[in-house]
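These notes concern the structure reproduced below.
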Amino acid sequence: MPASQQDFLTSEQGRTSRAAAEHRPERLSSRRAEIDLALAAVADGRGAFVWSGEPGMGASTTLELVHEALHETRGPHAPLVLRVAQSVGPQRSGGAVRSIVSQLAQATGRDVPDRLVRPLDVADPEYGYLPEVGAVALAEYLEEAVPDRTVVLLADDLHLVDEISRAVILGLVAQRRASLVLLATSVPGGFERPLPYPVEVRELAPLGPAEALHLLLVEERLSVAPHVAARLSRHLAGNAAAISQTARTLSTEQLAGTAILPDPLPPVPAVRRLLGDRLAELAPEELRALLVAAVAVVERTDILLAASGLSIEEVLDGPLSGYLSLVSGRFAFTDPRVRSLVHGEARLADKTAAHLRLATVHTAVDEQDIATWHTALATLAGDAALVPGLVSLAQRLLDRGDVVWAHEVAREAASQATGHERGEAYVLAGTAALQSGHVHDAADWLRRAARCDGTVSAARILGPLVVALTHVQGQVPDDVIAPYLALADTDDACTCCVDRDGNPREAAGSCEIGDVVRGLTSAATLHAERGDGVAAAQAFDAAKRLARRCTQGVGGLDITRAWLANYGVGERGEGPCAPGSGLTAEQEAYSQVSRAFSLADEDALDVAGQALASAVANLAPVHSGGRWFDTPSGAVTPYVEAHLRLAQVLVHFWSGNITKARRELEEAAFRLPVGLPFAGTGVAVARRLDMAVHGSVGTLATALEETCSCPTSRPVRLGLLVDRAIGASFARHHTQAATLLELAAETDRRDCAHMLHLPGMDDVEAWVLAGRPDAAERALARRRVEAKDLSPANRVATLARAEIALARSEDAVVLRDAVASAGRGIASPFEHGRTELCLGRALTRWGDLPAAHEHLLSAVELLTQSGARAWARQAQEELGRVLALLDDGLATLDARVAAAPPGGPGAPGGAGTGTGATSSGLGRPRLAARESDVSDDALDELRGRWSDELTERELDVALLVVQGGSNREAADQLYLSVRTVEVHLGRVFRKLGVRSRVELAVLAHRVGR
89 MPASQQDFLT SEQGRTSRAA AEHRPERLSS RRAEIDLALA AVADGRGAFV WSGEPGMGAS
149 TTLELVHEAL HETRGPHAPL VLRVAQSVGP QRSGGAVRSI VSQLAQATGR DVPDRLVRPL
209 DVADPEYGYL PEVGAVALAE YLEEAVPDRT VVLLADDLHL VDEISRAVIL GLVAQRRASL
269 VLLATSVPGG FERPLPYPVE VRELAPLGPA EALHLLLVEE RLSVAPHVAA RLSRHLAGNA
329 AAISQTARTL STEQLAGTAI LPDPLPPVPA VRRLLGDRLA ELAPEELRAL LVAAVAVVER
389 TDILLAASGL SIEEVLDGPL SGYLSLVSGR FAFTDPRVRS LVHGEARLAD KTAAHLRLAT
449 VHTAVDEQDI ATWHTALATL AGDAALVPGL VSLAQRLLDR GDVVWAHEVA REAASQATGH
509 ERGEAYVLAG TAALQSGHVH DAADWLRRAA RCDGTVSAAR ILGPLVVALT HVQGQVPDDV
569 IAPYLALADT DDACTCCVDR DGNPREAAGS CEIGDVVRGL TSAATLHAER GDGVAAAQAF
629 DAAKRLARRC TQGVGGLDIT RAWLANYGVG ERGEGPCAPG SGLTAEQEAY SQVSRAFSLA
689 DEDALDVAGQ ALASAVANLA PVHSGGRWFD TPSGAVTPYV EAHLRLAQVL VHFWSGNITK
749 ARRELEEAAF RLPVGLPFAG TGVAVARRLD MAVHGSVGTL ATALEETCSC PTSRPVRLGL
809 LVDRAIGASF ARHHTQAATL LELAAETDRR DCAHMLHLPG MDDVEAWVLA GRPDAAERAL
869 ARRRVEAKDL SPANRVATLA RAEIALARSE DAVVLRDAVA SAGRGIASPF EHGRTELCLG
929 RALTRWGDLP AAHEHLLSAV ELLTQSGARA WARQAQEELG RVLALLDDGL ATLDARVAAA
989 PPGGPGAPGG AGTGTGATSS GLGRPRLAAR ESDVSDDALD ELRGRWSDEL TERELDVALL
1049 VVQGGSNREA ADQLYLSVRT VEVHLGRVFR KLGVRSRVEL AVLAHRVGR
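In our numbering, the protein residues as written are 89 to 1097.
Here it is as structure tokens:
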């Protein structure tokens, strides 16, 4: 099986670790650009690069990867790689040069010439030459020993090579006599003097989120969520070694993003080795100030100074200025790893003292809630009196959207509470964990809350518990909601709203019936997203019946109704509430998502995009909220924002802007748990976008798939089958592609709620391309039924493509016009391009090659415009086949014209002359639309003169340009794309030794004289 097919033929979740490793993308270095640069220098035989970076940044790894790539080079002229050795123990002068000479002699079998023995013996204590002499001698030896090969010197830690050897090596590079490349590494500032030209020092940049993900997923073989990799990159300053070591200390759930990461991150050997010695030089009071900064939850400079006992001058003018940045009344660590190391290395007593100092300072400035937090962390035995303040603080943070900190505070409250307060803390911890996307933590805390007999209402935790368990278990927990479905069948009044006599009560807190309704609506939406329309309708009907009993009123039913309608469950009703209708931030976000999907179903994609953009601008937090109260009041949580952002990606995809959809998906995936919303649709859309652009699944989509909490959900499962079909089709395995699409259709039950539409592949055309018209007819019948779930424009285009794929040649004219009209009615250039591709293929089958050429050209342009490069390549391949057929036809006509008697068809003035060529015949193209001063005889002479140098197609292009034709006119005349004409013309220029159209015309004039 070709390696290129490995991705779309792999099975889904549940595979073994070995299968998972095979499923991942090809192992590539995150330093690919540097490796390519080095290999280019080796190919050129000149160059010197020194990669510089702090320990752990991967400089040595980059050097080894270059070595591996060079080792794969074969042939008599393969580069000769020599290692620059370091001295063990005290540096021995000249030892590295002696090692190079020894390796060279052994590799080539050529001893050092007698005249060069003394100048090259730089290790001799009595060596009396300057290093420049040794460099000249080494250059002469290289020229004699390997005259036809490039020598590559690999020097790991060049700054540790003995001084005289380093001077000889750098002098050798500076001479540029031998074919030599130096590739080396060094720490920043490793050389006392600047390195000479042409040595280039290249600073290795820290790993960004995408590179960190690649490092962990591809190179370290860890299943990690993109937003977790991004956080490790950010908090470990992009240090590759620190990222790898920290990742291996985390649990599977933490790497997948379903359990919260420790804060600060645990210190690892790479961080200790890098910063430990520097921190050890600080005075005790300076270390104490750093520890205060590490455990503080607000970044105010006045709090830091008061708690540490230092003045601002001592911080700004002392060693701490290298660790802390003070700007506009706030402080921040200049290197986030310092916080990790200071906190991790501090003793418990020191941490306790730091928290007590902060508690005292916050109490003095009347910030009792923050003081309570620090007091709680300083209390070793626990203090129940602190619990009410902690619970209140956790609720406040949760209401603001600071869900990670809300979870931390609630967890601390739970550790110190008893009885009812402990249950309350469990509920807050679970709810906060869910809203941050840490669904495993959420399920754990909410299960604990459910086991608190009598202290926590089961109805209160129903909603978050159902959502958390669905994400953890991969299916909606029907056993949890079953008792509440039965409750809806009774006529009991809500005891929270009326007393036993039926009289209304005054509202005094949350209503249990309202909590049950919210739990059932959550179950309904989760069922619909997973395709179970029956269960979704049942849960929503029960919620509506229960809501009628609650006199306090239960909000959100309209939002749920609209949400379900997007999946074909029930009617849309009046639609979701308008923004600003007294909704919470979460309700408003979900309302706008439903509205956007509804607008998209009506082909109002621009309006849908504007609605989502407005919602994101108004509701999404301005920044990540790394400290308390950093986010705007009322901002949505990461879980809710993930729904908003993924909805934006879908709308861009439906609009045909695949480039923007991929860009926004990547931006969201590195911040948010995008694998959770819509039953894992984020995984499916990431794969589908990759297939559209690259024809294979990339690192980001693979990471989302491997960490998906619902791998067997309908969108993920069926999306994988379609992706595999697309890959098979791209590889021209049409039967396999059609079979996979058939399997997806059979797996998808017709009583299911329909999924959110992801543009993919037409099963009707797949069967036609596989040579199975009978199966295509069955697929068409099914497609006519299923098309009702699509938007009007997509419905028309999908059915038009299906009809044209199965049509007969006698229906070509009518269907061609109908399909072309349907394509023009689609706003999406991607869908329009696919329609043009389908029509071009059909016209090719019918033998109408000029028309096929026209539509395939349109397909290439539209698909390229959308960003679907893999689809554009398919259209380009189809276009190439059509052009080849046209060339064969022209060649046949040329032969007929040459064999025809004078005055016969195809001869000058004969009936065979077409509209595109003049009476000079098809073998000598002329421009019919303009006058040319180039005679037919001159064109014949040019063709004869240039025929040995140019191909037939290059000759045609050259002759049309000589006549004054533009690239567009030449393209129209020869049934080519403008880009193809440009390529041919560039080859003409190169072969004939000219640089412009004018020079080509001058050359033609000289030849024709």
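The beta-carbon is built from N, C-alpha and C at its ideal position, and this holds for glycine as well.
- For V269, the uninterrupted beta strand (DSSP E) segment begins and ends at L268 to S274.
- Between the beta-carbon of D457 and that of L474 there is about 11 Å, and that puts the pair past the 8 Å contact cut.
- Linking R336 to H731 through their CA atoms gives a straight-line distance of about 30 Å.
- Rounded to the nearest whole angstrom, the CA to CA distance from Q675 to R649 is 13 Å.
- Spatial neighbours of E232 in its own chain (CB-CB distance under 8 Å, excluding positions within 5 residues in sequence) are listed in chain order as R198 and P201.
- With fewer than 16 other beta carbons inside 10 angstroms of its own, V1086 counts as exposed.
- When only Cα atoms are considered, G783 and E966 end up about 16 Å apart.
- Closest by C-alpha distance to D603, out of A677, L557, I252 and S545, is S545.
- With a cutoff of 8 Å on beta-carbon distance, L903 and A915 are scored as not near each other.
- Note on Q824: 16 or more other CB atoms within 10 angstroms of its CB, so buried under the neighbour-count rule.
- Annotation: the continuous beta strand (DSSP E) that includes L168 extends over L168 to R171.
- As the crow flies, the alpha-carbon of L338 is around 8 Å from that of L349.
- Of the other Cβ atoms in all chains shown, fewer than 16 fall within 10 Å of the Cβ of G417; this residue is therefore exposed.
- The beta carbon of A384 sits closer than 7 Å to the beta carbons of I391, L392 and L446 from its chain, once the five residues preceding and following it are set aside; these are given in chain order.
- Three or more Cβ pairs drawn from the stretch 920–928 and the stretch 940–948 lie within less than 8 Å of each other, which places the two stretches in contact.
- In the same chain as S399, and ignoring 5 residues on each side of it, the C-beta atoms closer than 8 Å to its own belong to L393, in chain order.
- Judged by DSSP in its simplified three-state form, E690 adopts coil rather than helix or strand.
- Per DSSP, the beta bridge partners of V138 are A272 and V289.
- DSSP places S545 outside any beta strand (DSSP E), giving it a letter other than H or E.
- In the displayed model, S396 falls within a helix according to three-state DSSP.
- Close CB contacts of P357 within its chain, under the 7 Å cut and outside five residues either way in sequence, are with Q333 (chain order).
- About 29 Å separates the beta carbons of L242 and L301, which is beyond the 8 Å limit, so they are not a contact pair.
- Rounded to whole angstroms, F685 and G768 show a C-alpha spacing of 17 Å.
- In the DSSP assignment, S954 falls within the alpha helix (DSSP H) that extends over L937 to S954.
- Of the candidates L295, A472 and L634, the residue whose Cα lies closest to the Cα of G144 is L295.
- A residue is called buried once 16 or more other Cβ atoms fall within 10 Å of its Cβ, and Y285, having fewer, is exposed.
- In this structure H431 is buried. Its beta-carbon is surrounded by 16 or more other beta-carbon atoms within 10 angstroms.
- Annotation for S413: the continuous beta strand (DSSP E) segment containing it runs L412 to V415.
- When beta bridges are read from the DSSP output, A243 appears opposite A272.
- Residue burial annotation: P726 is buried, with at least 16 other C-beta atoms found within 10 angstroms of its C-beta.
- Per DSSP, the unbroken beta strand (DSSP E) holding F421 starts and ends at R418 to F421.
- T460 counts as buried, since at least 16 other C-beta atoms from the protein chains shown sit within 10 angstroms of its C-beta.
- Within the DSSP bridge table, the entry for R388 names R418 as partners.
- The DSSP-derived three-state label of S253 is helix.
- If you look at G511, you'll find it in the alpha helix (DSSP H) that goes G507 to Q523.
- The beta carbon of L553 lies closer than 6 Å to those of L534 in the same chain, with the five residues before and after it left out.
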